[in-house]
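Reviewing the structure listed below.
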Amino acid sequence: MVLVWDRKDDGWTVTDVWKAHDAEVTDVKWNGPFVGEIIGSIGEDGLLRIWQEDVLEAPLSGRRFKRIYQQPSATRVPYMSLDFKNIGTETYLAMISRDGQLTVCEPVDHDNLSEWQILWQDYLCKTPQRTEETGFRLSWHHEKLPAWPAIMAGLDRKSLSLAVSVMDTVKIFRTDKDRKFYTAAEVRGSDALIRDVAWANGSMRGFDVIATASKDGIVRVYELHTPGISETSASEPKRTNDPHSGLKSPTFPKPHQSGIGAGLAGGPRGGRNEEQDRPGRVNQEAKLVAELSAHSGAVWRVGFSQMGDLLVSTGDDGLVQVWKKANNDQWMQYAEVDAIGDI
1 MVLVWDRKDD GWTVTDVWKA HDAEVTDVKW NGPFVGEIIG SIGEDGLLRI WQEDVLEAPL
61 SGRRFKRIYQ QPSATRVPYM SLDFKNIGTE TYLAMISRDG QLTVCEPVDH DNLSEWQILW
121 QDYLCKTPQR TEETGFRLSW HHEKLPAWPA IMAGLDRKSL SLAVSVMDTV KIFRTDKDRK
181 FYTAAEVRGS DALIRDVAWA NGSMRGFDVI ATASKDGIVR VYELHTPGIS ETSASEPKRT
241 NDPHSGLKSP TFPKPHQSGI GAGLAGGPRG GRNEEQDRPG RVNQEAKLVA ELSAHSGAVW
301 RVGFSQMGDL LVSTGDDGLV QVWKKANNDQ WMQYAEVDAI GDI
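Residue 67 in UniProt numbering sits at position 67 of the sequence shown; the count goes up by one each step and never skips.
So this is what it looks like as structure tokens:
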């Protein structure tokens, strides 16, 4: 079942509840606010489904959210994670299945999310054994532009950026000027299975911040830096009157495919190219800056606040831990909520 709440008068009320899948729902995400109230869900039935709110339907009718799209897993193995990325009114969707196959999609028409096309689909690791415990999660970098030091080093300013946890490693994928995905960095440091990954907003800081939740009970925080560029001196380039300066996202006339989609389609490796000398590519380095171990069991989920200054984690112990970066650049425990005891 999927439940949707609405905030009214400092309280939360259920707007609707419905059976979204014929098996357990494993992940559900909201899309951005520019193309209607859209929800994506995946379940153990191996299906991705996209739902759109119909405000003409009565609340709690079970019909307020209409299914507008459905896609089965190409490998018949259930999806484990999905996430939406928005650039203005453009929408991109990534999901990964339990056998490690990553799929990146965009709508045929960005004003209509009822028809999608695959931009890139590939296995990120050797197919695990059926009896092997797996961990695959993903998170887009949700801001419009990458960090300025990376752009100054040559990264395409319209690059899509995606973090994918693959067992005990996180792979950072970006797109270059030809709109091909490549591996910009690999985040290591955990010997245990990674249960979740989150990418913080805050490109103005000059580097990216990524957090992982691990089976060993530790939340790890990494910084992603661009070698050879001073982040303290990196600042946003001055705006010019040149209409082609690239500071705004491009618009694409209907019904043509977006620039990213056109570049990804029909590539020799299906949207991925690991040649390092292609324009718009920057390799980055990941630095482990914190290992947070307040949980007494496996950590299952991590997430950053909208500004990227707070980190929230949950685990087997039933606690919600809130972490905040102090003035000395150390991540400290900020609050603790006993989710089980408060029920």
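Here a beta-carbon is modelled for each residue, glycine too, at the ideal position from N, C-alpha and C.
Expressed to the nearest angstrom, what Euclidean distance is found between the alpha-carbon atoms of residue i and residue j?
i, j, result
"Lys66", "Ala20", "10 Å"
"Leu307", "Lys324", "The question names Leu, yet the displayed sequence has Met at residue 307. Approximately 12 Å between the Cα atoms of the pair."
"Thr75", "Gly11", "42 Å"
"Asp45", "Leu145", "36 Å"
"Leu228", "Gln284", "Residue identity differs from the one stated: residue 228 is Gly in this sequence, not Leu. Going from the Cα of Gly228 to the Cα of Gln284 covers about 10 Å."
"Asn327", "Asp309", "12 Å"
"Val187", "Asp317", "26 Å"
"Trp148", "Leu113", "31 Å"
"Arg195", "Glu132", "14 Å"
"Arg157", "Ile151", "6 Å"
"Val104", "Cys125", "16 Å"
"Arg278", "Arg174", "13 Å"
"Ile218", "Leu60", "39 Å"
"Gln70", "Val4", "20 Å"
"Thr91", "Ser296", "38 Å"
"Trp331", "Val170", "20 Å"
"Gly135", "Leu56", "40 Å"
"Ser305", "Ala198", "10 Å"
"Leu160", "Lys177", "11 Å"
"Tyr79", "Phe207", "30 Å"
"Pro107", "Ile96", "18 Å"
Can you tell me the Cβ-Cβ gap for residue i and residue j, rounded? I've got them flagged as a contact below 8 Å.
i, j, result
"Ser203", "Glu143", "5 Å"
"Lys29", "Asp83", "6 Å"
"Ala294", "Gln321", "5 Å"
"Ala200", "Asp216", "Not confirmed; about 22 Å, so no contact."
"Glu53", "Gly36", "7 Å"
"Gly88", "Trp18", "Incorrect: roughly 30 Å between the Cβ atoms, too far for contact."
"Gly280", "Gly100", "In fact, because the Cβ distance is near 27 Å, the residues do not count as touching under 8 Å."
"Thr226", "Val302", "Thr226 to Val302, Cβ: 24 Å. No contact."
"Leu93", "Asp122", "Not confirmed; about 16 Å, so no contact."
Taking its Cβ as the centre, do 16 or more other Cβ atoms sit within 10 Å of residue i, making it buried, or is it exposed?
i, result
"Met1", "exposed"
"Ala335", "exposed"
"Gln333", "exposed"
"Ala58", "exposed"
"Pro33", "exposed"
"Val14", "exposed"
"Asp338", "exposed"
"Ala23", "exposed"
"Ile340", "exposed"
"Arg7", "exposed"
"Arg130", "exposed"
"Pro72", "exposed"
"Asp9", "exposed"
"Thr314", "buried"
"Lys287", "exposed"
"Asp16", "buried"
Since residue i sits in a beta bridge, which residues does DSSP pair it with?
i, result
"Pro107", "Trp116"
"Met152", "Paired residues: none, contrary to the question."
"Arg49", "Ser41 and Gln70"
"Ala211", "Ala198 and Val221"
"Asp83", "Ala94"
"Lys171", "Val164 and Glu186"
"Leu319", "Asp338"
"Val17", "Leu3"
Complete runs of the beta strand (DSSP E) confined to the segment 284-311 [at least 3 residues]: 285-292 and 299-304
3 or more residues per run - each beta strand (DSSP E) lying fully within the segment 182-206: 194-199
Segments of 3+ residues assigned as beta strand (DSSP E) that fall wholly inside the segment 117-146: 136-140
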